[in-house]
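With this note's numbering, letter number 216 in the sequence shown gets 249, and the count goes up by one each step, no holes. We put the beta carbon where it would ideally sit given N, CA and C, even for glycine. All figures in this text were calculated on a predicted structure; none of them were measured in a lab. Below: one structure, written as C-alpha cells.
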Amino acid sequence: MLLIPITLFGITLLVFSIVRLTPGGPVERALSQQGGGENVKRSGADAGASLTPAQVLETEEDYNRDKGIMRSYFEWLGVLPRDLVKEGKEFKPGETTLTIALPGTVHEVTITRNEDNTGTISPSGDVDTAGWEARILTPEYQAKRWKKWMPGQEMSVKPEYRAVLYKPGFRGLFQGSLGESNKYQDPVGQMIRQRMPVSLFFGGLAMVLIYSICLPLGVVKAIKHRSWLDNFTSITVFTGYAVPGYALGALLVVYLSAQLRWFALGGFVGDNFAELSLLGKIKDLAYHGTLPLICYVIGSFAMMTMMMKNNLMDNLAADYVRTAIAKGTGFRTAVFRHAFRNSMIPIATTFGANLTILVAGSILIEKIFDINGFGLLSFSALLEFDEPVIMGVLFVSSSLMLIGNVVSDLCVALVDPRVSYK
C-alpha cells in the first residue's frame, strides 16, 4: 500500500518524459502548419525559415514546452508553480521598456528591462499588479530555443529581447487539476468524469457476469470432467474466445441492429434518456448496452472458466482432499469446503488486472458502437498527441491498476485458509 505513491511517481515520470522526447509532438505539428500555411508545397527548410523566433516561442509557450522536462513534470504534479496566465511581447530595437496588456483585463502595464536582464513591472494608474511577475528572454536564449525546434535552419529575423508577463501559481495533480486538453481546451478531469460512468457501467456488469457464470461453470466442468457437458461447454467458451470482440460487434450491429432492429445501432443511451422513468431507463440501457456488453465479456469466459476448472481438479487430486473423503467426508463437502477455497487463490490474484482492463474499455468496441468511453478517449489523445489528456488517463488507469493489485492481495488473504485474522 505504501508503495502506491512511489510507483505512481515512477510511472508518470517515465511516461511524461517519453511524451516530451517523442518527435512529432504538438509543437512540431503547430510549427509545421504555421510554416506551411501559405504554401503547403514548399520545402520544410523554406517553411521553417518563414517563421520568426517570436512565433516559435509563442507556440512553445502555448503548449507549455518552454521549460525543461523535470520542471514541467513537477509543475504538472503541483509541486512547483506554473504560469497560470501569461502574455509575451518583443522590445523594439534599442529600447528597454514596453507596454503590454495585462491578461484578462483592459489595462496595460509597463515592463522595464534591467541591466541584469530582469524585468520590472510598472503599473499605470490604479492597476493591481499583485502576484504578477515578468521575465526577460534574451536573443541568445531565443536562438537556443529556435535551434531546438528548427535544427539546421537559419533565422529569417534576428530576435530582440522579449518580455513575458505571467502570474505564477500552483495548479497540478496535488491541487486536483489534471490540466486542460490541448485540442478541446476542456479540463481533463471533466473529460474523464464524463466518460468514466460508461466504462464503469460496462466494466462492472462485465465483471459480475464473468465471475458469476465462469466460477460455477468451472466447478461443474471439474466435477463432470470428460462428460458431454464438459466437452460442449469447452467448445462453446473457446469458440467465444477465438472470435475477436470487435469482429463479433460488427456482425451483431449488421444483423441484430441494422436488419432486425432488435437493438440500437450505437450510442450509450437514447437522446431522451433523462426524460424516461426508472423502468424506461433500464429498458433503454438494455437496448443500447446489450450488444457491447456481449462483446466485452465474450473473450473472458474461456480463460476464467478453464482456470477455475483446472485449479479445482488439481485440488481434488490433492492428498488432503482424498484424506478427507477417506475419513468419511462427503464428496460435496470435500469440494466446496476444502478444495473450492484453495482453488480460488489464483482467481483472486487476477482481480486487479481484470479491473483495470475492463474499466479501461476497448477502443475498437467503443468505436464500432459509437460509445464515448474511456478507451476511445485515450486512443484519440494518443493520436492527437494531447499531453494533458494522456497524462490524465495514465494517472487514472495506473491508480486503478495499483488499487486493483491491493484488492487482489486482500482477496487472496480472504480465500487462503492459511491466513488467519485471529
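Check                                                                                                   : Outcome
Segments assigned alpha helix (DSSP H), at least 4 residues, entirely inside the segment 93 to 161      : 102 to 110
Own chain, CB closer than 7 Å to F461, minus 5 neighbours either side, in chain order                   : In the structure as shown, the chain begins at 34 and stops at 455. Residue 461 is therefore absent and cannot be evaluated.
Which listed residue (E120, I51, K257, H258) has its alpha carbon closest to that of R195               : E120
Rounded straight-line distance, which links the Cα of F407 to that of G425                              : 11 Å
Spatial distance of R146 from Y174 (CA atoms)                                                           : 15 Å
Under the three-state DSSP convention, the category Y274 falls into                                     : helix
CB-CB length for N387 against M240, believed under 8 Å                                                  : 6 Å
Cβ-Cβ distance between R62 and I102 below 9 Å                                                           : no
Burial state of S76 (16 or more Cβ within 10 Å)                                                         : Its pLDDT being 40, under 50, S76 is placed unreliably by the model, and the measurement read from it follows with that caveat. Exposed, since its Cβ has fewer than 16 Cβ neighbours within 10 Å.
Buried versus exposed, by CB contacts within 10 Å (16 or more), E16                                     : Look at the range of the chain in this structure, 34 to 455, and you will see that residue 16 is not part of it.
Euclidean distance between Cα positions of G137 and S157                                                : 16 Å
Span of the alpha helix (DSSP H) around A335                                                            : 334 to 349
Delimiting residues of the alpha helix (DSSP H) encompassing Y353                                       : 352 to 359
Nearest residue (CA-CA) to E123, options P86, Y106, D149, Y274                                          : P86
Cβ pair D449, N375 closer than 9 Å                                                                      : yes
Between the CA atoms of L409 and I423 - distance to the nearest angstrom                                : 12 Å
Own chain residues within Cβ distance below 6 Å of G437, not counting five before or after              : G385, L388, T389
The segment 337 to 353 contacting the segment 234 to 253, beta-carbon criterion three pairs below 8 Å   : yes
At least three beta-carbon pairs within less than 8 Å, the segment 264 to 282 to the segment 330 to 341 : yes
Euclidean distance between Cα positions of V445 and A372                                                : 15 Å
Check whether G127 and F418 have beta carbons under 9 Å apart                                           : no
Residues that DSSP places opposite A460 in a beta bridge                                                : Outside the modelled stretch of the chain, which goes from 34 to 455, sits residue 460, for which no answer is possible.
Helix, strand or coil at P220 [DSSP, three-state]                                                       : strand
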